[in-house]
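J.: 93 is the number of the first residue of the sequence shown in this note's numbering; add one for each residue after it. Cβ atoms here follow ideal geometry from the backbone N, Cα and C, with glycine treated the same way.
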Amino acid sequence: TQRRRSVGDGLSQGVGEMKSSDLYWLVGLLEGEGCFTNDPRDFYPVIMLQMTDRDVVERASKLMCGDARIGARNRGHGRKQAYYCQYGGNKAVELMKELLPHMGIRRAQKISEVISKSESRPGRIGRRNGIRRKPLWNQ
Numbered sequence: 093t094q095r096r097r098s099v100g101d102g103l104s105q106g107v108g109e110m111k112s113s114d115l116y117w118l119v120g121l122l123e124g125e126g127c128f129t130n131d132p133r134d135f136y137p138v139i140m141l142q143m144t145d146r147d148v149v150e151r152a153s154k155l156m157c158g159d160a161r162i163g164a165r166n167r168g169h170g171r172k173q174a175y176y177c178q179y180g181g182n183k184a185v186e187l188m189k190e191l192l193p194h195m196g197i198r199r200a201q202k203i204s205e206v207i208s209k210s211e212s213r214p215g216r217i218g219r220r221n222g223i224r225r226k227p228l229w230n231q
C-alpha cells in the first residue's frame with residue numbers, strides 16, 4: 093500500500109519539514125482562528141491568522157515556512173492589540189493541501205475552493221510587477 097505524504101512525515105518538499113505535533117497544533121489553530129481566502133482582485137491565495145496572543149501568531153508564522161508577513165493592529169480604546177500573520181502564493185497553496193485532510197468539513201470546503209480559484213487564475217502567483225503585496229487588512 094502507498095503511504096499518504098504529510099508534513100509530519102518530513103516527506104513534503106516546498107512546505108518544509110514539520111513535526112507531526114507542530115502540524116496538528118497548526119491545524120487546530122487555523123481550524124479555529126484562521127482564514128483561508130482569495131484576494132478578490134486576482135484570486136491570490138492567502139492564509140490569515142489574527143489574535144491577541146503575539147507568541148502564538150509568531151509560532152504559527154514560523155511553522156508556515158517562516159516567511160509569513162507579521163504585523164500588529166491597534167483595535168481601539170480599551171481593547172488588546174491584535175497581531176496577525178498573512179501567508180500567500182504558491183507556498184500557501186502547498187500548505188493548504190497539507191492541512192486539507194485534517195480540517196473539518198466547512199474549512200476543508202473553503203480550502204478546496206481557494207485552491208481551485210488560485211489554480212485557475214492566469215499568470216504568476218506571488219509578487220505583482222516585482223512589488224511586494226500589501227496585506228488584505230490595509231485595504
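Work out the CA separation of K111 and A152 for me, nearest whole Å.
T.: The count along the sequence shown starts at 1 and reaches residue 152 at position 60. The count along the sequence shown starts at 1 and reaches residue 111 at position 19. If I take the Cα positions, the gap works out to 13 Å.
J.: Within its chain, find whatever has a CB closer than 6 Å to the CB of G120; leave out the 5 residues flanking it on each side and keep chain order.
T.: By 1-based counting over the sequence shown, the position of residue 120 is 28. Excluding positions up to five away in sequence, the list is empty.
J.: Quick one: Cα of Y136 to Cα of V185, how far?
T.: The residue labelled residue 136 in the question sits at position 44 within the sequence shown. The residue labelled residue 185 in the question sits at position 93 within the sequence shown. Near 10 Å, if we compare the C-alpha coordinates of V185 and Y136.
J.: Given that a residue counts as buried once 16 or more other Cβ atoms are within 10 Å of its Cβ, and exposed if not, what is S210?
T.: Numbered from 1 along the sequence shown, position 118 holds the residue referred to as residue 210. Answer is buried; the Cβ neighbour count reaches 16.
J.: Could you tell me which residues DSSP pairs with A174 in its beta bridges?
T.: For the purposes of this step, residue 174 is taken as residue 82 along the sequence shown, with counting starting at 1. Note: A174 sits in a beta bridge opposite R165.
J.: Please list, in chain order, all residues of the same chain as S204 whose beta carbon is under 8 Å from its beta carbon, the five residues on each side excluded.
T.: In the sequence shown, counting from the first residue as 1, residue 204 sits at position 112. Result list for S204: L192, in chain order.
J.: Please classify I139 as buried or exposed, where buried requires at least 16 other C-beta atoms within 10 Å of its C-beta.
T.: Taking the sequence shown and counting its residues from 1, one reaches residue 139 at position 47. In this structure I139 is buried. Its beta-carbon is surrounded by 16 or more other beta-carbon atoms within 10 angstroms.
J.: Would G170 be called buried (16 or more neighbouring beta carbons within 10 Å of its own) or exposed?
T.: Translated into the one-based positions of the sequence shown, residue 170 becomes position 78. Classification for G170: exposed.
J.: Between D114 and K154, what straight-line distance do the alpha-carbon atoms span, to the nearest angstrom?
T.: Locating residue 114 in the sequence shown gives position 22, counting from the first residue. Locating residue 154 in the sequence shown gives position 62, counting from the first residue. About 11 Å.
J.: Kindly indicate which three-state DSSP category S212 falls into: helix, strand or coil?
T.: Position 120 of the sequence shown, counted from the start, is the residue given in the question as residue 212. In the structure shown, S212 sits in a helix (DSSP, three-state: H, G or I).
J.: Just list the residues that DSSP pairs L141 with in beta bridges.
T.: To locate residue 141, count along the sequence shown from 1; it is residue 49. DSSP output for L141 lists G126 and C177 as bridge partner(s).
J.: What does the alpha-carbon distance come out to for the pair G163 and C177?
T.: Taking the sequence shown and counting its residues from 1, the one referred to as residue 163 is at position 71. Taking the sequence shown and counting its residues from 1, the one referred to as residue 177 is at position 85. So the two alpha carbons sit approximately 6 Å from each other.
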